[in-house]
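Student: For the record, the sequence lines run as chains B and Z. Throughout the first sequence, residue numbering follows this note's numbering, covering -18 to 94 in sequence. Throughout the second sequence, residue numbering follows this note's numbering, covering 71 to 191 in sequence. Heads up, the beta-carbon is just placed ideally off N, CA and C, and yes, glycines get one too. Keep in mind that this is a model prediction, so the values were computed, not measured. Starting off with a structure, shown below.
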Amino acid sequence: AQKVTQAQTEISVVEKEDVTLDCVYETRDTTYYLFWYKQPPSGELVFLIRRNSFDEQNEISGRYSWNFQKSTSSFNFTITASQVVDSAVYFCALSTGGFKTIFGAGTRLFVKA
Amino acid sequence: GAVVSQHPSRVICKSGTSVKIECRSLDFQATTMFWYRQFPKQSLMLMATSNEGSKATYEQGVEKDKFLINHASLTLSTLTVTSAHPEDSSFYICSAKPATGGALYWNTEAFFGQGTRLTVV
Chain B
-18 AQKVTQAQTE ISVVEKEDVT LDCVYETRDT TYYLFWYKQP PSGELVFLIR RNSFDEQNEI
42 SGRYSWNFQK STSSFNFTIT ASQVVDSAVY FCALSTGGFK TIFGAGTRLF VKA
Chain Z
71 GAVVSQHPSR VICKSGTSVK IECRSLDFQA TTMFWYRQFP KQSLMLMATS NEGSKATYEQ
131 GVEKDKFLIN HASLTLSTLT VTSAHPEDSS FYICSAKPAT GGALYWNTEA FFGQGTRLTV
191 V
């Protein structure tokens, strides 16, 4: 069975703090893809990153960085120097063959000015 | 990049009426589209997989007679909520998979529409 667990329901930080959103996944497939999406209050899903199971390199994009560790089945997301505009719900997702995407429960991030 | 357009973005309907939501892939052909439902402050739950030219595959617990899916062409899938009731009020969002062999096929990013917020009064 495939599963994505985001244990943090809500996180509240003050602007400029760093924050890490945790994601743990389960799958028996050897080929899979992991994603992070941002969902602002308007509702649309904003794609942030895709990682395939064979690429464990960490990635940095501006203030965003991702740490993929197959040994612990984790794909954590860190926002450095958070800003109010980062306030949103963030979803970690898993996709195996067929593009069927399973989403985690989401983490609601509040960044206070 | 690949674009999926969903229409309408918001709809309010009376209880007992039916509502149709469209999901279009604008710049690629999609043999498979997925429909998700999201209740307030909850995650996205897959409702069904829509396959062009064949019947949709519904997830367990989703009423196929309630949520009619039609994938009549390689660029359009529709979800019709029949005899809508207030408990059907939700955010519905689709995603599309590029057709096999196309340039986007190996790009495994899921292309999502903007979502439709349905309110049944």
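On the CB-based measure, 16 or more other CB atoms within 10 Å of its CB, does Z/Asp135 come out buried or exposed?
Tutor: When all chains shown are included, Z/Asp135 counts as exposed.
Student: What distance in whole Å lies between the Cβ atoms of B/Phe72 and B/Tyr18, which are believed to be in contact at a cut-off of 8 Å?
Tutor: 5 Å
Student: Under 6 Å Cβ to Cβ from B/Arg32, same chain only, skipping five residues before and after it: list those, please.
Tutor: Leu15 and Phe49
Student: Check the Cβ of B/Ala86 against every Cβ in chain Z and list those closer than 9 Å, keeping chain order.
Tutor: Gln112 and Ser113
Student: Is there a C-beta anywhere in chain B that falls below 9 Å from the one on Z/Gly131?
Tutor: The Cβ of Z/Gly131 sits no closer than 9 Å to any Cβ of chain B.
Student: Contact between the stretch 89 to 103 of chain Z and the stretch 139 to 148 of chain Z: three or more CB pairs below 8 Å?
Tutor: yes
Student: Assign Z/Glu157 to one of three DSSP states: helix, strand, or coil.
Tutor: helix
Student: Can you give me the start and stop residues for the beta strand (DSSP E) that B/Asn33 sits inside?
Tutor: Val27 to Asn33
Student: Any beta carbon of chain B sitting closer than 9 Å to that of Z/Thr145?
Tutor: Against chain B, the CB of Z/Thr145 has no partner CB under 9 Å away; the residue lies outside that interface.
Student: Roughly how far, in whole angstroms, is the beta-carbon of Z/Phe182 from the beta-carbon of Z/Ser165, given that I think they are within contact range, below 8 Å?
Tutor: Between Z/Phe182 and Z/Ser165, the beta carbon gap of about 5 Å places them in contact (Cβ cut-off 8 Å).
Student: Is the stretch -8 to 2 of chain B touching the stretch 59 to 71 of chain B in the sense that three or more CB pairs, one from each, lie closer than 8 Å?
Tutor: The stretch 59 to 71 of chain B, when compared against the stretch -8 to 2 of chain B, does touch it at the 8 Å Cβ threshold.
Student: I'd like to know whether the C-beta atoms of Z/Glu101 and Z/Leu144 end up nearer to each other than 9 Å.
Tutor: Note that residue 101 of chain Z is Thr in the sequence shown, not Glu. A contact, by the Cβ cut-off of 9 Å.
Student: Applying the criterion that 16 or more other CB atoms from any shown protein chain within 10 Å of the CB defines a buried residue, is B/Ala(-12) buried or exposed?
Tutor: exposed
Student: What do you get for B/Thr88, buried or exposed, if any count of 16 or more other CB atoms within 10 angstroms of its CB means buried?
Tutor: Flag for B/Thr88 reads buried.
Student: Please classify Z/His155: is it buried, with 16 or more other beta-carbons within 10 angstroms of its beta-carbon, or exposed?
Tutor: exposed
Student: For a cutoff of 9 Å on Cβ pairs, would you count Z/Arg187 as touching chain B?
Tutor: yes
Student: Within its chain, find whatever has a CB closer than 6 Å to the CB of B/Val70; leave out the 5 residues flanking it on each side and keep chain order.
Tutor: Gln20, Gly87 and Arg89
Student: Name, please, each residue of chain B whose Cβ falls closer than 8 Å to the Cβ of Z/Gln184.
Tutor: Gly24 and Glu25
Student: Measure from the C-beta of Z/Ile139 to each C-beta in chain B and report whether the shortest distance is under 9 Å.
Tutor: no
Student: By the 10 Å Cβ neighbour count, where 16 or more other Cβ atoms means buried, how is Z/Ser120 classified, buried or exposed?
Tutor: buried
Student: Rounded to whole angstroms, what's the CA-CA distance from B/Phe56 to B/Gly24? Just pull it up for me.
Tutor: Straight-line measurement puts the Cα of B/Gly24 at about 23 Å from the Cα of B/Phe56.
Student: List the endpoints of the continuous beta strand (DSSP E) containing B/Arg44.
Tutor: Taken as a continuous stretch (DSSP letters only), B/Arg44 belongs to no beta strand (DSSP E), as it is neither H nor E.
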